[in-house]
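Have a look at the structure below before the remarks.
There are 6 protein chains.
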Amino acid sequence: MYYYKEELINKIEVDQPDPAAAKVLQETLGGQFGEMRTMMQYFFQSSNFRGKDKPFRDLLRGVFLEEIAHVELVQNTINQLLNEAGGSMPGNEAADAAPLNEAIKHANPHHFIMGAKSSLPVDAGGNPWNGSWVYSHGNLIADMLNNVVLESTGVLQKTRIYEMSSNKAFRETLGFLIVRDNAHQNAFAKALEALGVEWGKLFPVPNYDINKYPECRKFVDMGYHNVQFNFRLDDTRIGEVLYGKSPSRNGEAFTVTPPPAGFPVPQLPDMPNEHSPGLVDMMN
Amino acid sequence: MYYYKEELINKIEVDQPDPAAAKVLQETLGGQFGEMRTMMQYFFQSSNFRGKDKPFRDLLRGVFLEEIAHVELVQNTINQLLNEAGGSMPGNEAADAAPLNEAIKHANPHHFIMGAKSSLPVDAGGNPWNGSWVYSHGNLIADMLNNVVLESTGVLQKTRIYEMSSNKAFRETLGFLIVRDNAHQNAFAKALEALGVEWGKLFPVPNYDINKYPECRKFVDMGYHNVQFNFRLDDTRIGEVLYGKSPSRNGEAFTVTPPPAGFPVPQLPDMPNEHSPGLVDMMN
Amino acid sequence: MYYYKEELINKIEVDQPDPAAAKVLQETLGGQFGEMRTMMQYFFQSSNFRGKDKPFRDLLRGVFLEEIAHVELVQNTINQLLNEAGGSMPGNEAADAAPLNEAIKHANPHHFIMGAKSSLPVDAGGNPWNGSWVYSHGNLIADMLNNVVLESTGVLQKTRIYEMSSNKAFRETLGFLIVRDNAHQNAFAKALEALGVEWGKLFPVPNYDINKYPECRKFVDMGYHNVQFNFRLDDTRIGEVLYGKSPSRNGEAFTVTPPPAGFPVPQLPDMPNEHSPGLVDMMN
Amino acid sequence: MYYYKEELINKIEVDQPDPAAAKVLQETLGGQFGEMRTMMQYFFQSSNFRGKDKPFRDLLRGVFLEEIAHVELVQNTINQLLNEAGGSMPGNEAADAAPLNEAIKHANPHHFIMGAKSSLPVDAGGNPWNGSWVYSHGNLIADMLNNVVLESTGVLQKTRIYEMSSNKAFRETLGFLIVRDNAHQNAFAKALEALGVEWGKLFPVPNYDINKYPECRKFVDMGYHNVQFNFRLDDTRIGEVLYGKSPSRNGEAFTVTPPPAGFPVPQLPDMPNEHSPGLVDMMN
Amino acid sequence: MYYYKEELINKIEVDQPDPAAAKVLQETLGGQFGEMRTMMQYFFQSSNFRGKDKPFRDLLRGVFLEEIAHVELVQNTINQLLNEAGGSMPGNEAADAAPLNEAIKHANPHHFIMGAKSSLPVDAGGNPWNGSWVYSHGNLIADMLNNVVLESTGVLQKTRIYEMSSNKAFRETLGFLIVRDNAHQNAFAKALEALGVEWGKLFPVPNYDINKYPECRKFVDMGYHNVQFNFRLDDTRIGEVLYGKSPSRNGEAFTVTPPPAGFPVPQLPDMPNEHSPGLVDMMN
Amino acid sequence: MYYYKEELINKIEVDQPDPAAAKVLQETLGGQFGEMRTMMQYFFQSSNFRGKDKPFRDLLRGVFLEEIAHVELVQNTINQLLNEAGGSMPGNEAADAAPLNEAIKHANPHHFIMGAKSSLPVDAGGNPWNGSWVYSHGNLIADMLNNVVLESTGVLQKTRIYEMSSNKAFRETLGFLIVRDNAHQNAFAKALEALGVEWGKLFPVPNYDINKYPECRKFVDMGYHNVQFNFRLDDTRIGEVLYGKSPSRNGEAFTVTPPPAGFPVPQLPDMPNEHSPGLVDMMN
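Chains as they are written, first to last, in this note's numbering: chain W, 1 to 284; chain B, 1001 to 1284; chain X, 2001 to 2284; chain R, 3001 to 3284; chain S, 4001 to 4284; chain L, 5001 to 5284.
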């Protein structure tokens, strides 16, 4: 069973609204290689696990647990990017000139029609998240090779999305996730090393220079690219797979540690003009 | 952030393999009104919540947390229904007559091609789970009315699926979920009562007679139809909404309690013939 | 605006339940070349019509009007094929052996889970009807060539579906629709003749022998393959296009006539065990 | 069977072309909570109706009939918003600079590629209309609760879309439909009241102030928010459900009346440069 | 079996980057009436062919072979339109201001997130190519009528897309494909003439004036609108169908000829900043 | 450009009709890890290739060319499995008892409704092939890792499908493709070795025993698991990547060779009762 403490895994930077950035960041939430995919893929792989090699099952479930927190982080980041887009619109001002006319120009219109300026389970093109993306074939090697591709593609896409806006909320979250995808890529590659692969000079994929992404640096300084966070309330055997040198070409050790100290979940303001939340003068 | 203890929220009964039952039970996992939908819908609703009425946010997140455990329960039930379908097939017996020839006749063939006799994120018709099903419009009343329909439809579908097999693994899980859907229906209806609705003699929907479902009775005896389980490791204000009489026509109180004692997560056997898990003689 | 008289365009024959026949007949309702497609395609083509050639617009809308009645006819036929499948199940008999166990074997399970033994907007494979199928390009010749292909394919598919069951409800409806698709194929081909085509010995497509389908014969005797029914309450100029010889190689005239005398819409019995309609003892 | 009189249910205001407004208005036509969904949902619910409570069936079919006219209204509004976008382009001017270069910048490109500047069965994100959205479970209470959510969400979305353009064609149609969705919400809520619900101060959802939408006012003055239009050519028993006070907090009566006087269906000009209709010099 | 010579079927003009043009040209690649559809449709029709009339099978396969080259041509044109969009970005410049901020404004964001500024199997709205579009019903007349509609719609859409940009790479490819679609439309119409149709003054559809498209003229001068290219390494009986007058109203003969002399396949530069190809300093 | 010789890459064994086997074999044609996916994925990867490392581009295109022939092979195998299902039905026997009643019981009904007992671009669940499956990210390492997963999953699925029928047409094709997928897996793994990976004892995935699949053995004896067939009519530099030891744990060399001698493409009989091909007595 699953337990919760109301804390985000990284902080939400506050910056100007940027609906175009919110639109492309949806790829990281609901895209084919986004956080909903990783979350559900590792959920199915751990529930469908066969055989006695429990440390591998614990690895799959361990990454799944962190991915739930990643989904929550990206949801909150998109909400921050959309908040007050089109102005604050404090009341029912429908008779005025159209306040969202400009806001929707480069936006996903569903962010304003379905979400009340908030996140959706879709990708950057507006396509809904799709269960056929989940890879869970029950062959442990095939599953983990797919996981390596999934995490590598996650980093690759994020380094490209990073170039689409310099908004601070946008880049802080991307910087954090790039480092954590790298760590998860290392975790699955590490598990495949236990099964015989020598990755040589291949990892990480893509071959990016961490110094080019200032938002990544503080997390690298904290060693976040080489640790697996442990969200278990009971024992886990994940350490029987994850120990020794990182598969990345950095000569460092890969370890299991407690999760980071959490950050507050932002509280979004009322939007009477969007009828959200819609409780006005009813609870009195 | 999200924490885990390796326990199922209800037990998995062991019975004969039944691939046809596994196929239809997928509706309860990956269908439009299944557990993946409830899980993701309440996840988005709680992350996208606006305004200061935190007890409602705590309600949405609280039900979300239980739904993760429901998804895990149905995944394990489907795996039990598929386990050993087509015989035990202990080794690479490909040269023999086709052992899966009969098994796939009334089955979802993807249970054997993609899953290694295990669950998939699809519905009873094999359609993949789809993000467009998630309803999160940011209007609290509209969101909760949709949640009432969602939980009511969940019960309605489960009472129909129940008639499709008498397999014990199948009916034990359906029985548990029918009672819990009823409880969640009550929880959202309760919250709407706080906003002005008198449901009269309407609930529950459908108007089913609990005595017709023997698997439900033990859960009703434990009061599971009128409680909200609390999976929070920190404080929650959910009790400010959920208290007093249940909206169901039973005159009982609706309360918040700790989660039930857990049940072991089954360990599935190796299936060398399906190349699952595929580690044979490599770890030595 | 649209007006209604509660009458079906053809009769519903009563025969045994046949869920496998209901499943394949869905192609005729919600398939890529089914009645929902023709209905919506001609609706969009007539609303999006450009230019002054109103007789062609009247033709497109005229066929649209009949297609609404076709959709209703197939919905009622599928309901007839599903009615009492699995037995009459008059009460809440859930504790008994699974009454639907056999019924779902060759059925679309959604007929029993979503529909209460009733029709769905999906095709024979269970894929939902899809708006991308609608062809409305605004080029009248391209639109009408597509309509000819659509109606021809409708007949072609129905002659193949016809071979899948000898159920009387199933074949009566197919027989009627084959003849009417033929008439609509002729109508669009006729309009293209006005624009320059000589169909030679090509039509109808497919080149079927009406005498092989006994259910078709009575409609041919009434001339239904060579008439356009007129559902307009005001004037229509459709007759400026539809007159003279039929494009089919039968030497007959193609004319515009009033719709046929209608047939009663069946009333389906309660199904308490499926919680349908679910009003029991509440209206009292 | 279905009959037609060539009249729109409300007028089409003429204003400048606005392809960005056409794009977002598609949500109201082909979106998950748009008019095609309401039309098809009530069509299936009325055809699949079970039991003897005919007044409820007449209610479902009655609303269905009006929704066909709503679909036609939105189709014509989108066509008006697209008409002459990119200039009038009277002839084959392909050799000139690209006249559509600007027009497609904030547009749905399919409006120009597939439609000849005309409506499509898709939503604001370009996703095609999908049959899986139709809810028809045969349980009358569940069906009508879903209908309430559907109509409420329709209003909610329309009040948000309203803010995206001040174009007169756009807002006139939205204003009319907001009032009619409200009326249909009341109709289904009314029917549920007959089954035991007291809505208290909940309705309408969202809790909008009609005075903020000047386009709505004339329809409210005519009482359109509290009437059901009757499009039946034969008798209907809908009045046995729809009578007495409106569920909206306005103290007024809800009644059944004849449909409004109709408005002319616009005739769109030829577009030779788009090869629409494509009849040029062929009919002579 | 299939053989290859590294040559494009037409040349790629070099012009400025134009991501908005790349976005709409995707319709021609991955749209419902684009080159991937024609390629796969004729592939299935020729493999599924029944009966002894081999010249028709050779026709279907013959057009299929050219369509593979068309797909490759459009892929390369889209790549040219995207190349250097956002600037040349020669190194890892992530710390700088967001170079893609402007580029994505009117673009398909997946062109930059998934493709490394390169083509995707999607349409102008970003919807992925879909197998349900393939029409292969095994009735030769129905199949060829559908092919005529497919090729006619291809031309129609291309004449509309043509107006969306004056970019030379864009228009050169469209011009070539318009002429070849015309030829294929003629080829299938010709085959239908052998079966009885007189097209009269109908063809080509749409009724476009070739002189309006300067890019088309050189191909018309070479007769490309009235020839079928032959890509067979063995004998073909295609000439038994394709001979005599073209169905287009131009009085010319339709013939079978060898394919055109090929053009070089462009080599795209490295994009280190997009981690493409990602081999930097690894091959040494 | 692409050239063709009418020869299949392997032979079609003749055996009894088996529609259930045809249904599951569709996974190998139109499934997420089937031959259409590999064909289109390598097509896009080679057209979208960046940089000067032409041997890798030649590798991608080289495998693409063979995949076209694989698609054709599976199409023909499915046609063989469906041929004469339901009996030979030589004429228009519609009035008789329903000849397809039994045939569709465990079949994909679209094989009989759309295909004339012939192949479709769909998977074993009837879901249409989808462009979103194509992975072409322009990062060569990520692309090739994905290709390794794709080919490994192809083998894994085929070994599971193999167990579903002992039909000779079915198993001959699966046996051939298992060996060729293995070869392609080796080819991409080989290319990754050139970039630094030591696969150790990992390959092939899954770790299957070739001796269990008698149909594979003859191809292994011919060395087909360790060769790349060359379909180029001009020079290729593929040999600069593919040489030396195979990554599979068999100690053998991996080489480039000419394609195998071809096999005749079967000619399917007329099916007058299915109106296929529909030319009867028209060509005379």
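Positions of the beta carbon are idealized from the N, C-alpha and C atoms, including for glycine. What you are looking at is a predicted structure, and each value in this text was computed from that prediction instead of being measured.
**OP:** Would you please verify whether the beta carbon of residue 183(W) is less than 9 Å from any beta carbon of chain R?
**Re:** Here residue 183(W) refers to the residue found at position 183 when the first sequence is read from its first residue. Answer no: the Cβ-Cβ gap between residue 183(W) and chain R never drops below 9 Å.
Original post:
What's the gap between the Cα of residue 284(W) and the Cα of residue 1195(B)?
Top reply: Translated into the one-based positions of the first sequence, residue 284(W) becomes position 284. Translated into the one-based positions of the second sequence, residue 1195(B) becomes position 195. Confidence at residue 284(W) is low in this model, with a pLDDT of 47, below 50, so the placement of that residue should be treated as unreliable; the coordinate-derived value is given next. Those two C-alpha atoms are separated by around 9 Å.
**OP:** Tell whether a beta-carbon distance below 9 Å holds between residue 5033(L) and residue 5150(L).
**Re:** For the purposes of this step, residue 5033(L) is taken as residue 33 along the sixth sequence, with counting starting at 1. For the purposes of this step, residue 5150(L) is taken as residue 150 along the sixth sequence, with counting starting at 1. In this structure, residue 5033(L) lies near residue 5150(L), with their beta-carbon atoms less than 9 Å apart.
Original post:
Which word fits residue 4180(S), buried or exposed, when buried means at least 16 other C-beta atoms lie within 10 angstroms of its C-beta?
Top reply: For the purposes of this step, residue 4180(S) is taken as residue 180 along the fifth sequence, with counting starting at 1. By the neighbour-count rule (16 or more Cβ atoms within 10 Å), residue 4180(S) is buried.
**OP:** Note down, in chain order, each residue of its chain lying with its Cβ closer than 6 Å to the Cβ of residue 3026(R), except the 5 sequence neighbours on either side.
**Re:** Within the fourth sequence, residue 3026(R) is the residue found at index 26, counting from 1. Around residue 3026(R): 3122, 3123, 3124.
**OP:** Would you grab the beta carbon distance between residue 2134(X) and residue 2185(X) for me? Rounded to a whole angstrom, and I think it's under 8 Å.
**Re:** In the third sequence, residue 2134(X) corresponds to position 134, counting from 1. In the third sequence, residue 2185(X) corresponds to position 185, counting from 1. Not confirmed; about 18 Å, so no contact.
Subject >> Closer than 9 Å to chain S by CB, residue 3113(R) >> reply: Locating residue 3113(R) in the fourth sequence gives position 113, counting from the first residue. Yes, residue 3113(R) lies at the interface with chain S (some Cβ there is under 9 Å from its Cβ).
**OP:** List the residues of chain S that residue 156(W) touches, going by C-beta distances under 8 Å, in chain order.
**Re:** Along the first sequence, read from residue 1 onward, the residue named residue 156(W) stands at position 156. Taking a Cβ-Cβ cut-off of 8 Å, the neighbours of residue 156(W) in chain S comprise 4275, given in sequence order.
Subject >> Three-state class that DSSP yields for residue 2229(X) in the structure shown >> reply: Indexing the third sequence from 1 puts residue 2229(X) at position 229. Strand at residue 2229(X).
Subject >> Within the region 5018-5071 of chain L, ranges of the alpha helix (DSSP H) (whole runs, at least 4 residues) >> reply: Listed in chain order, they are 5019-5030, 5035-5047.
Original post:
Among 1257(B), 1139(B), 1234(B), which one has its Cα closest to the Cα of residue 1224(B)?
Top reply: Counting from one through the second sequence, the residue named residue 1224(B) turns up at place 224. The candidate whose alpha carbon is nearest that of residue 1224(B) is 1257(B).
Original post:
Taking the continuous beta strand (DSSP E) assigned at residue 1256(B), which residues delimit it?
Top reply: Locating residue 1256(B) in the second sequence gives position 256, where the first residue counts as 1. Going by DSSP, residue 1256(B) is part of the beta strand (DSSP E) stretching over 1255-1257.
Original post:
Hey, does residue 2175(X) have any beta-carbon neighbour from chain B nearer than 9 Å?
Top reply: To locate residue 2175(X), count along the third sequence from 1; it is residue 175. Answer no: the Cβ-Cβ gap between residue 2175(X) and chain B never drops below 9 Å.
Subject >> Any chain B beta carbon closer than 9 Å to residue 2122(X) >> reply: Counted from its first residue, the third sequence places residue 2122(X) at position 122. Interface with chain B (9 Å Cβ-Cβ cutoff): residue 2122(X) is included.
Original post:
So what's residue 3288(R) in DSSP terms, helix, strand or just coil?
Top reply: Because chain R is modelled from 3001 through 3284, residue 3288(R) falls outside the range shown and cannot be assessed.
Subject >> Beta-carbon contacts of residue 2263(X) that lie in its chain and below 7 Å, excluding the five residues immediately before and after >> reply: Here residue 2263(X) corresponds to residue number 263 of the third sequence, with the count starting at 1. So the qualifying residues of the chain are 2007, 2008, 2010, 2011.
Original post:
On the premise that residue 242(W) lies in contact with residue 168(W), defined as a C-beta separation below 8 Å, what is that separation, rounded to the nearest angstrom?
Top reply: Within the first sequence, residue 168(W) is the residue found at index 168, counting from 1. Within the first sequence, residue 242(W) is the residue found at index 242, counting from 1. A Cβ-Cβ distance of about 33 Å is found for the pair residue 168(W) and residue 242(W), leaving them out of contact under the 8 Å criterion.
Original post:
Does DSSP put residue 3128(R) in a helix, a strand or coil?
Top reply: Numbered from its first residue, the fourth sequence carries residue 3128(R) at position 128. Per DSSP, reduced to three states, the secondary structure at residue 3128(R) is strand.
**OP:** Determine the chain W residues that contact residue 5201(L) at a beta-carbon separation under 7 Å, and present them in chain order.
**Re:** Here residue 5201(L) refers to the residue found at position 201 of the sixth sequence. The CB of residue 5201(L) comes closer than 7 Å to the CB of 196 in chain W, given here in chain order.
Subject >> Simplified DSSP state of residue 2269(X), which is helix, strand or coil >> reply: The sequence position of residue 2269(X) within the third sequence is 269, counting from 1. Looking at residue 2269(X) - three-state DSSP - the assignment turns out to be coil, as it is neither helix nor strand.
Original post:
DSSP puts residue 5004(L) in a beta bridge; with which residues?
Top reply: Position 4 of the sixth sequence, counted from the first residue, corresponds to residue 5004(L). Paired residue(s): 4002(S), 4232(S).
**OP:** Verify the CB distance criterion: does residue 3110(R) have a CB-CB separation below 9 Å to chain S?
**Re:** By 1-based counting over the fourth sequence, the position of residue 3110(R) is 110. A Cβ of chain S is located within less than 9 Å of the beta carbon of residue 3110(R).
Original post:
Hey, how far is the Cα of residue 2238(X) from the Cα of residue 2059(X)?
Top reply: On the third sequence, residue 2238(X) is found 238 positions in, with the first residue counted as 1. On the third sequence, residue 2059(X) is found 59 positions in, with the first residue counted as 1. Whole-angstrom Cα-Cα distance: 5 Å.
Original post:
What whole-angstrom Cβ distance do residue 1013(B) and residue 2098(X) have, given they're in contact under 8 Å?
Top reply: In the second sequence, counting from the first residue as 1, residue 1013(B) sits at position 13. In the third sequence, counting from the first residue as 1, residue 2098(X) sits at position 98. Contact doesn't hold; Cβ gap of about 15 Å is too wide.
Subject >> Nearest candidate by alpha-carbon position, reference residue 4075(S), set 4023(S), 4219(S), 4141(S) >> reply: Sequence index remark: in the fifth sequence, residue 4075(S) carries index 75 (1-based). For residue 4075(S), the nearest C-alpha among the options comes from 4023(S).
Original post:
Using a C-beta cutoff of 9 Å, does residue 2100(X) count as contacting chain B?
Top reply: In the third sequence, residue 2100(X) corresponds to position 100, counting from 1. Closer than 9 Å to some Cβ of chain B, the Cβ of residue 2100(X) qualifies, so yes.
Original post:
Using a C-beta cutoff of 9 Å, does residue 3021(R) count as contacting chain S?
Top reply: If you number the fourth sequence from 1, residue 3021(R) lands on position 21. So, not an interface residue.
Original post:
Do we get a CB-CB distance below 9 Å when we pair residue 4078(S) with the residues of chain W?
Top reply: Working through the fifth sequence from its first residue, we reach residue 4078(S) at position 78. For residue 4078(S), not one C-beta of chain W is nearer than 9 Å to its own C-beta.
Original post:
Residue range of the alpha helix (DSSP H) that residue 4152(S) falls in?
Top reply: Locating residue 4152(S) in the fifth sequence gives position 152, counting from the first residue. Its alpha helix (DSSP H) spans residues 4140-4161.
**OP:** Spell out whether any CB of chain R is found under 9 Å from the CB atom of residue 138(W).
**Re:** Here residue 138(W) corresponds to residue number 138 of the first sequence, with the count starting at 1. Proximity of residue 138(W) to chain R, defined by a Cβ-Cβ separation below 9 Å, is not satisfied.
Subject >> C-alpha gap between residue 5053(L) and residue 5199(L), whole angstroms >> reply: To locate residue 5053(L), count along the sixth sequence from 1; it is residue 53. To locate residue 5199(L), count along the sixth sequence from 1; it is residue 199. For residue 5053(L) and residue 5199(L), the gap between their C-alpha atoms comes out near 23 Å.
Original post:
Between which two residues does the alpha helix (DSSP H) containing residue 984(B) stretch?
Top reply: There is no way to answer for residue 984(B), as the model of chain B reaches only from 1001 to 1284.
Original post:
Name the chain R residues that come within less than 9 Å of residue 4036(S), Cβ to Cβ?
Top reply: To locate residue 4036(S), count along the fifth sequence from 1; it is residue 36. Near residue 4036(S) there are no residues of chain R at all, since even the closest Cβ is about 16 Å away, more than 9 Å.
Subject >> Delimiting residues of the alpha helix (DSSP H) encompassing residue 3110(R) >> reply: The count along the fourth sequence starts at 1 and reaches residue 3110(R) at position 110. First-last of the alpha helix (DSSP H) with residue 3110(R): 3110-3113.
**OP:** Per DSSP, which residues does residue 220(W) bridge with? Please list them.
**Re:** As a first step, residue 220(W) must be located in the first sequence, where it is residue number 220. In the DSSP output, where bridge partners are listed per residue, residue 220(W) has none listed.
Original post:
Taking 8 Å as the cut-off, is the CB of residue 5216(L) close to at least one heavy atom of the ligand SAM?
Top reply: The ligand SAM is not among the ligands present in this structure, which contains no ligands whatsoever.
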